[in-house]
Structures are given as structure tokens and as C-alpha cells.
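Trainee: Okay, handing you the structure first.
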Amino acid sequence: MERMLVIGAGTMGRGIAHVGALAGYEVAIFDAKPEQVESALAAIRKNLQKGVDRGKLTAPDMEAAAARLSATADMEATAADADVVIEAVYENLDLKRSLVASLDAVMKPDALLGSNTSSLSLSQIAAAATKNPARVVGMHFFNPVHIMKLLEIVRAEQTSDETLERTLALSERLGKTAIVVRDVPGFATSRLGVCLGLEAIRMVEQEVASPADIDTALELGYRHPMGPLKLSDLVGLDVRLAIADHLHRELGGDQYKAPELMRKMVADGKTGKKSGQGFYRWVDGKPVNG
């Protein structure tokens, strides 16, 4: 597999493109909004430069990876030539099913089709691939993709043994440690992460402690690299709310019921880092208390 197409130029899509290019793939990025792709390419180059500045990457490797990145305005034509396609669009089942149906119709017989969904049913997504549903697999990356080592591979009912083995090999090439989970609501990571994040928001709502102190408790007391409120800001409170609502519909239980504070913040546009305000103010990409 040498050619990769990433669909969606948001936070996750650009991160996937970043690690794909570093792993030696010729990576094309598509987004319905072309300006998003240009922004993504600039962000990836900036992050690659940071890798050089910190001694994690050589300048020649950075230049080679950057040269392997490109924008595409023709999703289907690029997909037809790709060896692996990964969609990282918004968490909407109808959108993902429609996208997978279009891709499956044009992709090569042996090409791999990955979905970066964090909570939606992979089996329902794969069912849209009427030509070859066995090639569809869940590839749940974590933000920031170029730093986080985990890849949660989700096996749909249709996913073949061959597809699973190829995805494990792809994960290793991308420098990730993979876990394999069955296609159940929330998989493993979202069920655990959402529960923790929602409880932290309830603690803010009940004035147990400040967001910064709650995060510090988890970071220093439990050795979490990032507190649940800071992480919720980074992922996007709107994204986490959609996942929580989905899990509550599918699984029930008060642990998945979104706090009213979370709904109000999303309604007010306080969705975290991308809006500049969540449980923290975000200035130049960094969280500030208040």
C-alpha cells in the first residue's frame, strides 16, 4: 500500500495525513471545503517543523514527508487509484454510509477502506459498501494523531481476517500500537473516556472543584497525560456531546447522560479549543485557566 487518501481535513484528518506521509505514503487530502485542505497542509508542515525543532525528526525526513502531501479536488478519481482510504468526516452515520458507498464503488478490489469513527456502528457503515464490505474496518485514531500512539481497530461483522491483518500491519507502519475491539457502541475507548469526561463536567456543574484542579487531580494522582476537561476541550465539546447522546440512546445508563452544563456550553458556541473557549480559554493553541 503506497497511496493513501484521507477524506476530511479537520483535526483528525490532518493528523492521519501527517503520520501517513511520515510512514512513506503518497498522501492526498480531500475535503468538501477546499480552504480546509490548504489549512490542513499548512498545519501539518508546522507540526513537522516542530518535530525537527525538538530533535524528533531530521530536516530531510521532514522535507520528504511534506513532499508526499498533496490536495485533491476529485475524491472519487483519487480513491480509484488509492491503496488505502481513510475517512475522517463528522460523526454522522448517514454521512459516513453515503461516503463509504461512493468510495467502495470506485476503489480497487484490494484497497483498504478505513473509518475513523469513534462511536458509530462499523457494521452499519460497512453495510453501505455493497461491492466489498469485507474491506471496511474501523481505524479510531487519537488526537493529536502524530503524538498519540494508540490505534483502536474496530472489526465490523463484515470485516475479513485479511483486512484485519492488513490493518494491523498498517498500524505498525504508522508507528501505532493497535488494540482490536468488537463492533459495540462506543467500542472500548469512547465508553471509558466519555464516562470519565462526563463525570468531570458534572463535578464542575456541582462546584466540586475548578476545571484546572479536577484535571490536575487526574494528571498527578492517576498519571493521566491530560485531564478529562482539557481533553474534552481538545476533542470538542460538541463532538463529545454527540458521542454521549449516541451512547445514551444505545446503552442507556445515567453515566452516559450529558450534563446540562455541557449542553449549554455547546449551545453558546463554547466548544473548546476550536472556538477558543471551553472549560479553558485557548490562546495560540494553548489552554489558559478561566
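When you line the sequence shown up against this note's numbering, it's residues 1231 to 1520, in that order.
Where is the CB? At the ideal position from N, CA and C, for every residue including glycine.
#1: What residues are listed by DSSP as bridge partners for A1399?
#2: Where DSSP assigns a beta bridge to N1519, which residues make up the other side?
#3: Can you round the beta-carbon distance between A1350 and V1330 to whole angstroms, since I take them to be within the 8 Å contact cut?
#4: Rounded to a whole number of angstroms, what is the C-alpha to C-alpha distance between D1313 and K1338?
#5: Can you give me the start and stop residues for the beta strand (DSSP E) that S1345 sits inside?
#6: Can you tell me which of G1243, P1517, L1381 puts its alpha carbon nearest to the alpha carbon of S1462?
#7: I'd like the span of the beta strand (DSSP E) that includes G1368, first residue to last.
#8: Got a sec, what are the start and stop residues for the beta strand (DSSP E) V1410 sits in?
#9: Measuring alpha carbon to alpha carbon, tell me which residue in P1489, K1361, I1377, S1345 is nearest G1368.
#10: Using 8 Å as the threshold, is the region 1393-1406 in touch with the region 1429-1447, meaning 3 or more CB pairs across them?
#11: Does the Cβ of A1303 have 16 or more other Cβ atoms within 10 Å, making it buried, or fewer, making it exposed?
#12: Assuming contact is defined by CB atoms lying nearer than 8 Å, are L1226 and V1257 in contact in what I supplied?
#13: Rounded to the nearest angstrom, how far is the Cβ of R1470 from that of G1499, given a contact under 8 Å?
#14: Comparing C-alpha positions only, which one of L1352, A1341, H1376 sits nearest to K1361?
#15: Report all residues from its chain with a CB closer than 6 Å to the CB of L1481; omit the five preceding and five following residues, and keep chain order.
#16: So A1408 and L1381 are in contact, right, with Cβ under 8 Å, and what is the actual spacing, rounded?
Mentor: Taking the geometry as given:
#1: DSSP lists no partner for A1399.
#2: Y1510
#3: The residue you asked about is not Ala; residue 1350 is Leu in the sequence shown. In fact, because the Cβ distance is near 11 Å, the residues do not count as touching under 8 Å.
#4: 8 Å
#5: 1342-1345
#6: P1517
#7: 1366-1370
#8: 1407-1412
#9: S1345
#10: no
#11: exposed
#12: Given that the chain is displayed from residue 1231 to residue 1520, the structure contains no residue 1226 and the question cannot be resolved.
#13: In fact, because the Cβ distance is near 15 Å, the residues do not count as touching under 8 Å.
#14: A1341
#15: P1415
#16: 5 Å
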